[in-house]
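Just so you know, we're using the numbering used here here: the sequence shown kicks off at 39 and counts up by one.
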Amino acid sequence: MKVSQTILILLVNAAAGVSVFADTSAQCTLRFDAIWSAQTHPTDFPSGPHFSGLIGGTHNAQVVFWQPGDLATAGIQDMAELGAKSPFRDEIEAAISAGTAADEVSGGGLGVSPGTVSVAFSIDVEFPYLTVVTMIAPSPDWFVGIHGLLLFEGGRWIVQKVIDLPPYDAGTDSGITYMAPNLATSPAVPIAQITGHPFGGPTSLGTFTIDCTSSLISLHGFEDALD
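Here it is, written out as structure tokens:
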């Protein structure tokens, strides 16, 4: 039986109780399945329902781009109010320059909801967290997304993860209906999940499904690797 040098090193370290990984990165796809419609959320439902382009990044635990209870950054505000990518992209680029983020994740939007759109991205163990957002449109400052989602768990990359997407209010516009005129919230209030009007009924507007693949060899897979 011929055993590669890499597997031998892994076996030696495993015997010593050291966790060593054959692959520190993964290729992933995020699929956004929007279910938001007049059937799921009939209250005050607008014409032309859609979502702005997906925007986010891979990062480490030292940076938080948004989370409930925090005030929205300028980038999150412009995304939530206008569907704009550029200001949030600038914040991601600043984090990359600071060494707390690795890559931007940018994908298309949904011209009509319900619908589906996907974006591919790479991720590594130094920056194993994912943040992605998209505007609920039309709306005053409402959006869906994930923040600081860890994709490396128990010494290996996740294979698949499905996340429900409740609506969030960015706290920067005081409109209470989809088509409300601009009404700046001054001072701004923290980001919060919307649980009342107009999102009565099902809370989730859809899901993010994240699938990752890698050649990671776990400590439980050495026997297979040797066959």
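Backbone N, C-alpha and C define an ideal beta-carbon position, used for all residues, glycine too.
Counterpart residues of residue i in DSSP-defined beta bridges
| i | result |
| --- | --- |
| Y167 | H97 and L188 |
| H88 | A175 |
| D141 | T96 |
| A64 | I161 |
| A72 | G153 and G244 |
| V200 | T247 |
| A222 | D211 |
| V182 | T172 |
| Q231 | Y206 |
| W195 | F190 |
| L148 | F89 |
Beta-carbon spacing of residue i, residue j below 8 Å
| i | j | result |
| --- | --- | --- |
| Y167 | H97 | yes |
| I196 | I229 | no |
| A139 | G95 | yes |
| T272 | G244 | Nothing can be reported for residue 272: it is not among the residues displayed for the chain, which extend from 39 to 265. |
| L68 | A226 | no |
| V171 | F159 | no |
| G91 | K123 | yes |
| I161 | L187 | no |
| P240 | T111 | no |
| W74 | A118 | no |
Cβ distance (whole Å) where residue i is taken to contact residue j below 8 Å
| i | j | result |
| --- | --- | --- |
| V182 | I174 | 6 Å |
| F89 | G147 | 5 Å |
| V201 | F246 | Note that residue 201 is Ile in the sequence shown here, rather than Val. That pair is a contact at about 5 Å. |
| W104 | I93 | That pair is no contact at about 11 Å. |
| P106 | M217 | No, P106 and M217 are not in contact; Cβ-Cβ is about 25 Å, not under 8 Å. |
| S151 | P204 | Rounded, the Cβ-Cβ distance is 15 Å, inconsistent with contact. |
| D116 | F126 | 7 Å |
Burial state of residue i, where buried means 16 or more other Cβ atoms lie within 10 Å
| i | result |
| --- | --- |
| T210 | buried |
| S252 | buried |
| Q198 | exposed |
| T154 | exposed |
| Q65 | exposed |
| T233 | exposed |
| G193 | exposed |
| C250 | buried |
| S135 | exposed |
| P178 | buried |
| S224 | exposed |
Contact test: residue i Cβ vs the ligand PLP heavy atom, cutoff 7 Å
| i | result |
| --- | --- |
| G86 | What this structure holds is no ligand at all, so the ligand PLP is not there to describe. |
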